[in-house]
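>
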Amino acid sequence: HDIGLFFIQNSFFDYKGSPVSNIAFNKFDQSQDIIIHFWASWCAPCINEIPELLNFKNKFQNNNNILFITISLDDENEQIEKFLKSFKEFNNEDFIKIWDKSKLTMKKFNIDRLPMTVFIKGSEVRVVRGVVDWKALIL
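The numbering of the sequence shown is the numbering used here, which starts it at 61 and goes up by one.
#1: Find out if the Cβ-Cβ distance for the pair residue 169, residue 95 is shorter than 8 Å.
#2: Is it right to say residue 174 is buried, meaning 16 or more other beta carbons lie within 10 angstroms of its own, or is it exposed?
#3: According to the Cβ coordinates, are residue 161 and residue 135 closer than 8 Å?
#4: Rounded to the nearest angstrom, what separates residue 131 and residue 158 at their Cα positions?
#5: For residue 187, is the classification buried or exposed, using 16 other Cβ atoms within 10 angstroms of its Cβ as the cut-off for buried?
#6: Please classify residue 99 as buried or exposed, where buried requires at least 16 neighbouring CB atoms within 10 angstroms.
#7: Specify the secondary structure class of residue 181 as computed by DSSP and reduced to three states.
#8: If we ignore side chains and look at the alpha-carbon of each, how far apart do residue 195 and residue 101 end up?
#9: Using the Cβ count rule (16 or more neighbours within 10 Å means buried), how would you classify residue 198?
#10: So with Cβ pairs under 8 Å, would you call residue 70 a contact of chain B?
#11: Could you tell me which uninterrupted beta strand (DSSP E) segments, each at least 3 residues in length, are contained entirely in the region 68-150, listed from first to last along the chain?
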């Protein structure tokens with residue numbers, strides 16, 4: 061995936077501002093489905109979508125063929141911390157978590173609204189601008 065290379069070749073930070081290890085991105089594999097979800101704590105549709113996204117993720121709890129990356133576009137990590145108090149499960153180890161305060165991913169993926177989700181299956185890339193119907197989603 062050139063998207064995998066993008067994540068490996070750039071430096072990213074987690075929700076606390078600590079560097080995300082490239083080891084996390086070495087998990088990229090052509091056989092994996094990758095879901096990259098962009099959100100922000102100030103985005104009402106993002107907040108409304110989180111419970112369904114978590115339910116969807118829980119359905120695939122033991123599936124190592126799906127890599128979930130969640131990317132916050134918040135400006136301050138205090139906003140993220142406050143948000144995560146309401147959605148503790150969104151902060152678990154099942155997600156590679158990125159705080160994109162430099163807006164590097166925003167430029168790479170041409171993000172013009174939130175939420176936005178990128179689904180990658182092999183060489184097929186699907187982008188959903190706006191809320192995903194996670195209940196009806198078939199990968």
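For glycine and all other residues, C-beta sits at the position ideal for the given N, C-alpha and C.
Answer, in terms of the structure:
#1: no
#2: buried
#3: yes
#4: Rounded to the nearest angstrom, the two C-alpha atoms are 5 Å apart.
#5: exposed
#6: buried
#7: Note: residue 181 maps to strand in three-state DSSP.
#8: 22 Å
#9: Burial is judged here by how many other beta carbons sit within 10 angstroms of a residue's own beta carbon; residue 198 has fewer than 16 and is exposed.
#10: In the structure shown, chain B cannot be found, because there is only a single protein chain.
#11: 93-99, 126-132
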